[in-house]
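For reference, the structure is listed below as structure tokens.
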Amino acid sequence: MILYKYMSFKSACSVMDNSSIGFSCLEDLNDPFEGTAICFEESDALIRSLQKNPHRNRLSRNYGVLSLTRNPLNSLMWSHYGDDHRGVVIGIDMKKANLLDESSCVIPAQFGEIVYTLTMPQNTLPTSSIESLMSVGDEYRSFRHHEYDLFKNAFLMKGLAWGYEEEVRVVKNVKGNKISRYSASQFANEAGKWNQVTVMGRPLYCLSIPKESIVEAYLGCASYSNVTRLGVEQDFYTKTRKEWQLNGVNVQLVRHKEGTWNLEVSDYKI
């Protein structure tokens, strides 16, 4: 299974150089409704809220989300996440990256397809005890042992308007930084080896993945504007593309498909 991550050219260079991919906290994603589909059995709205908010907070602070997609040629995705078509889409082999592993992923890729709904789900979950709430992030570290309904509601439910993303997620436990969630740190836990950095004031957990798991790279149809408008040196731009190819990555150029609103892979050879 190959899934795709849209990013800027600069970010793609970092991913390739470091063989790592970033996981974000639930609260730092770009949908303010993330984690709000958790619904408990209590009939009283205040009690439901008192159940939902602590669960959402603990899930956000203890787990990281890797957002991927099935389609590398989605024009809207290029505009929203691929730096206005100037960026790169990285193709990652899920098996080689160990992102199908049920023992190290709370939600592995094969169970991480987002469910898009017109109305927010109301399937209720059992009310949790204080002990159960406090165990979120400690007890649940693998796919086999967690309460899947809770994690599905928290991480895999989104509004229908987001359906164009065709998103698939991987969720992992990111506990391990002994200093602060906002401090740079390197640590390892049962989910993998991490390099925690801060980007625009938010923590980003960069998971080390095998170099050979990065198998494809699509350069956006406006990627050359990194040179003409964004100050990237021509030699660096050309050398970087060739180095990726030499390292076993299938590098492709994206272009407009003549007479349509679609994108296609160019037959130009790197």
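Okay, so the sequence shown: first residue is 1 according to full-length UniProt numbering, each after it adds one.
We put the CB at the ideal spot given by N, CA and C, even for glycine.
Owing to the predicted nature of the structure, the values given are computational and were not obtained by experimental measurement.
Leaving out five residues before and five after E215 in sequence, what residues of the same chain have Cβ atoms less than 8 Å from its Cβ?
At residue 215 the sequence reads Val, which differs from the Glu that was named. Only I2, G91, I92, D93, K96, G248, V249 and N250 meet the Cβ criterion.
Provide the residue span of the beta strand (DSSP E) that contains A217, from first to last.
I214 to L219
Between which two residues does the alpha helix (DSSP H) harbouring S11 extend?
Following the DSSP letters along the chain, one finds S11 inside the alpha helix (DSSP H) bounded by residues F9 to N18.
Compute the Euclidean distance between the alpha carbons of P121 and G163, then round it to the nearest angstrom.
If you take the alpha carbons of P121 and G163, they lie about 16 Å apart.
Please classify Q252: does DSSP put it in a helix, a strand, or coil?
strand
How big is the Cα-Cα spacing for V170 and L99?
The alpha-carbon atoms of V170 and L99 are separated by roughly 7 Å.
Quick check on DSSP: helix, strand or coil for N62?
N62: helix per DSSP, three-state reduction.
On a Cα-Cα basis, can you pick out the residue from G87, S225, A188 and L118 that is closest to Q252?
G87
Could you check if M16 is buried or exposed, using at least 16 other CB atoms within 10 Å of its CB as the buried criterion?
buried
With the cut-off set at 8 Å, would you say L68 and E190 are in Cβ contact?
no
Please say whether K211 and S19 have beta carbons closer to each other than 8 Å?
Cβ atoms of S19 and K211: closer than 8 Å.
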